[in-house]
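Protein chains in written order, with my numbering: chain A, 1 to 150; chain B, 151 to 268.
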């Protein structure tokens, strides 16, 4: 049961912008890819990337308001996983600046969210418009990661 | 996340030891910060050892709290150290650069296998 057809999957998950749902989001993703050809270390790193993207939607997009919806969409094939995380929040004014390591608009935050997403995923794409929200698209290539492990 | 506290004397210095259990993300970062701060103030303790043996997950929200405590302790001559981390947590501490300012014990599992991939 390892042919391409059986490995194809799509999941859509909408949840309130409550901080406890950050764990739910990363656990759903980790469960979905647990049987894929990736190391434990990579699985842990993917969980961090998901955690950062969802935290970003809640803390920055919705400014901590826990009564809004975060939309997560996952598409899985044999070769890769694409996860899109969307909020209808305030949007990011300067995406390039927001993605710079060490940049944070908040006091005790490290400004490492996007740095972790970029390091741990194969591709990170950010679409945002002021007042309309942000979509973060994270891609992980399973075959590339398996090749790197060798 | 659960935290339990003990006081220990290493040489001449008194350390507050915080044993943390569970996952540290934005859902518990506020409580994590508050409990460490309260205990440090009540004990008037300037040295903090975080025993993270039972921490299974941490992200930048949790690392931010640790950096915050470093910033709080460093100006008053206090120290902060981390012990017992699992490999996944250790790798993230290295990726964050916190190892450059905070003493972090290398996980036992890496003593034999050599350096962890940065």
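C-beta: ideal position from N, C-alpha, C; glycine also.
Just so we're clear, the structure is a prediction, and the values are computed from it rather than from any experiment.
- Secondary-structure assignment with DSSP links residue 152/B through a beta bridge to 171/B.
- Between the alpha carbons of residue 256/B and residue 203/B lies a gap of roughly 11 Å.
- Residue-level contact check: residue 246/B touches chain A, since one or more beta carbons of chain A fall below 7 Å from its beta carbon.
- The beta-bridge partner set that DSSP reports for residue 134/A consists of 87/A, 128/A.
- Between residue 167/B and residue 159/B, the C-beta gap is not smaller than 7 Å, which leaves the two residues out of contact.
- Beta-bridge annotation (DSSP): residue 164/B is paired with 159/B.
- The continuous beta strand (DSSP E) containing residue 12/A extends over residues 9–16.
- Partner residues in the beta bridge of residue 254/B, as assigned by DSSP, are 232/B.
- The Cβ-Cβ distance between residue 253/B and residue 224/B does not fall below 7 Å.
- Around the beta carbon of residue 114/A, 16 or more other beta carbons sit within 10 angstroms, so the residue counts as buried.
- The DSSP assignment places 95–98, 113–120 as complete runs of the alpha helix (DSSP H) inside the segment 92–125 of chain A, in order along the chain (cut-off: 4 residues).
- From the listed residues 95/A, 75/A, 100/A, the smallest Cα separation to residue 6/A is found for 75/A.
- Counted as a single uninterrupted DSSP element, the alpha helix (DSSP H) harbouring residue 21/A occupies residues 21–33.
- By the criterion of at least three beta-carbon pairs nearer than 8 Å, the segment 120–138 of chain A is in contact with the segment 70–85 of chain A.
- Measuring C-alpha to C-alpha distances from residue 169/B to each of 177/B, 155/B, 162/B, 178/B identifies 155/B as the nearest.
- Membership of residue 44/A in the alpha helix (DSSP H) is indicated by the continuous run 40–56.
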